[in-house]
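Some notes on the structure that comes next.
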Amino acid sequence: MSPASTGASITVDAATTVPVSDTSASDSRMTPGGPGYRRMSLALFLAGVATFALLYSTQALLPLISGEFGVAASEASWTVAAATGGLALFVLPMSALSERFGRRTVMTASLAVAVTVGLLVPFAPSLGALVVLRAVQGAALAGLPASAQAYLAEEVRPKALVTAIGLFVAGNSVGGMSGRVITGWVAQEWGWRVAVGAIGLIAVGCAIAFRLLLPAPRHFTAGSLRPRVLLGTVRDHLANPLLRRLYAIGALFMTVFGGVYTVIGYRLTGAPFGLPQGIIGSIFLVYLVGTVSASTAGRLVGRLGRRGALYLAGGTTAAGLLLSLVPSLPLVLLGLVLITAGFFAGHAVASSAVSKTATRGRAQASALYQSTYYIGSSVGSTVGATAFHADGWEGTVGVGLLAVLGVVTITVLGSVAARRSPAAIAA
Numbered sequence: 002m003s004p005a006s007t008g009a010s011i012t013v014d015a016a017t018t019v020p021v022s023d024t025s026a027s028d029s030r031m032t033p034g035g036p037g038y039r040r041m042s043l044a045l046f047l048a049g050v051a052t053f054a055l056l057y058s059t060q061a062l063l064p065l066i067s068g069e070f071g072v073a074a075s076e077a078s079w080t081v082a083a084a085t086g087g088l089a090l091f092v093l094p095m096s097a098l099s100e101r102f103g104r105r106t107v108m109t110a111s112l113a114v115a116v117t118v119g120l121l122v123p124f125a126p127s128l129g130a131l132v133v134l135r136a137v138q139g140a141a142l143a144g145l146p147a148s149a150q151a152y153l154a155e156e157v158r159p160k161a162l163v164t165a166i167g168l169f170v171a172g173n174s175v176g177g178m179s180g181r182v183i184t185g186w187v188a189q190e191w192g193w194r195v196a197v198g199a200i201g202l203i204a205v206g207c208a209i210a211f212r213l214l215l216p217a218p219r220h221f222t223a224g225s226l227r228p229r230v231l232l233g234t235v236r237d238h239l240a241n242p243l244l245r246r247l248y249a250i251g252a253l254f255m256t257v258f259g260g261v262y263t264v265i266g267y268r269l270t271g272a273p274f275g276l277p278q279g280i281i282g283s284i285f286l287v288y289l290v291g292t293v294s295a296s297t298a299g300r301l302v303g304r305l306g307r308r309g310a311l312y313l314a315g316g317t318t319a320a321g322l323l324l325s326l327v328p329s330l331p332l333v334l335l336g337l338v339l340i341t342a343g344f345f346a347g348h349a350v351a352s353s354a355v356s357k358t359a360t361r362g363r364a365q366a367s368a369l370y371q372s373t374y375y376i377g378s379s380v381g382s383t384v385g386a387t388a389f390h391a392d393g394w395e396g397t398v399g400v401g402l403l404a405v406l407g408v409v410t411i412t413v414l415g416s417v418a419a420r421r422s423p424a425a426i427a428a
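Counted from 1, the sequence shown has number 321 at position 320 by this note's numbering; the numbering is strictly sequential.
Next comes the structure, spelled out in structure tokens:
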């Protein structure tokens, strides 16, 4: 997911030719106010809404899913982990397919498969069937972050690229938040199946509008899949110690976030809170705090440096985890605010550092970050829920604190590496 969306980081592939200057009158790429730009922006915004509304559609509903199938939180959490895990596994292959078959084609096919599966999810006869459908849905959705970045790089002038990416990121954030809020309130009245069905129908509308609105690509040049070249680029990225640290930091931050938001519904429906499902869904409005913290991450890095910003993000997240242990609803909510702010800031810092560190194959470097990031989400969902089943909320918080400790440890190792090799950039 993007920095503002607990989703993906957006970068420009080094293999994509983007002129340094876009002032030439002969440059036919899109720019704000020009032909097609508004349609393109709205299309990708809607694609982002559909993607993240579908991806996390069951997260706010886990207590209800547990109740219907008679399973513990650790088992119900697989409906989230399977979707994010499917995305993590397929984001790199999808980025390669878009090089051969085109960005719009892959995005359209991805949304078509994902929304079709979304309409089948409400009819899942068992938890196992539900988990399989969610895994297929996540794999299909991997085509969106893998292709949107390249489409924008090719079709939008460089000076307008940040604005265009921002709209796509905004769609991610709105989709991730609204999917959880809508399902919470609908499920309170009509059950979880109707709730995920409602998200499926919303996604269908978004997908149709996306395909009708998105301008046909004019600057795409098909390439070969060349698996040997792709694997070589991936191998080079994984051999870079700094990139490995950044991938691990992203995964660990997402482990905290995935665990907390997967289990928080169980925490708040139980004693001493006893909140209804609609109110629990509305808790995800806290995501708006993350949008703000992610947008200020650049200023934090400017003042504190990259490592200083990571220490602050980790400390804020840890403080929120500890505060959430207090059996007081206002303090739990404040804890969620701090956890969310710390997570989004840390994710923004780490993901932006990936694009600055990779000197070539930046799309693949970003795809690897997205992959490890969503693996972290899957691990956090399952391990956090398992810990909750064994030791309650304290167990989930313990998992989160261990992940934050991992972030701090890796950042310290980056500091040590920087002192040993002053010319190197360290996280």
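Backbone N, C-alpha and C fix where the C-beta goes; we use that ideal spot for every residue, glycine too.
Between the C-alpha atoms of Phe124 and Val175 there is a straight-line separation of about 26 Å.
The segment 405-417 makes contact with the segment 237-247: 3 or more CB pairs, one atom from each, lie closer than 8 Å. By a beta-carbon distance limit of 8 Å, Gly396 contacts Ala388. Their separation comes to about 3 Å.
Excluding sequence positions up to five before and after Leu269, its CB lies within less than 6 Å of the CB of Leu276 and Ile281, all in the same chain and listed in chain order.
Here DSSP, grouped into helix, strand and coil, assigns Val333 to helix. In the DSSP assignment, Arg227 falls outside any alpha helix (DSSP H) and carries neither an H nor an E. The count of Cβ pairs closer than 8 Å, one atom from the segment 111-126 and one from the segment 185-202, reaches three, so the stretches are in contact.
Two segments are said to touch when three or more pairs of C-beta atoms, one from each, lie closer than 8 Å; by this definition the segment 75-83 does not touch the segment 93-112. Following the DSSP letters along the chain, one finds Thr85 inside the alpha helix (DSSP H) bounded by residues Trp79 to Phe102.
In the structure shown, the three-state DSSP call for Ala240 is coil. Judged by their CB atoms, Gly260 and Val384 are nearer to each other than the 8 Å cut-off. Here the segment 307-321 makes contact with the segment 343-350; the two share three or more CB pairs at distances below 8 Å. The residues Ala188, Gly192, Trp193 and Gln278, in chain order, have a CB closer than 8 Å to that of Leu65 in the same chain once the five nearest residues on each side in sequence are set aside. The three-state secondary structure of Val327, taken from DSSP, is coil. Note that the C-beta distance between Tyr370 and Val355 is below 8 Å. The three-state secondary structure of Thr184, taken from DSSP, is helix. Counted as a single uninterrupted DSSP element, the alpha helix (DSSP H) harbouring Gln278 occupies residues Gln278 to Ser283. The segment 43-50 makes contact with the segment 194-214: 3 or more CB pairs, one atom from each, lie closer than 8 Å. In summary, Pro146 is buried, with 16 or more beta-carbon neighbours lying within 10 Å of its beta-carbon over all protein chains present.
In the three-state scheme derived from DSSP, where H, G and I count as helix and E and B as strand, Leu215 is classed as coil.
Looking from the CA of Arg181, the closest CA among Leu214, His220, Phe53 and Gly316 belongs to Phe53.
Here Leu332 is exposed. Its C-beta has fewer than 16 other C-beta atoms within 10 Å. The straight-line gap separating the alpha-carbon atoms of His238 and Tyr262 is approximately 31 Å. Relative to the Cα of Leu213, the nearest Cα in the group Thr106, Leu93 and Phe254 belongs to Thr106. DSSP places Ser127 outside both helix and strand once states are collapsed to three, so it counts as coil.
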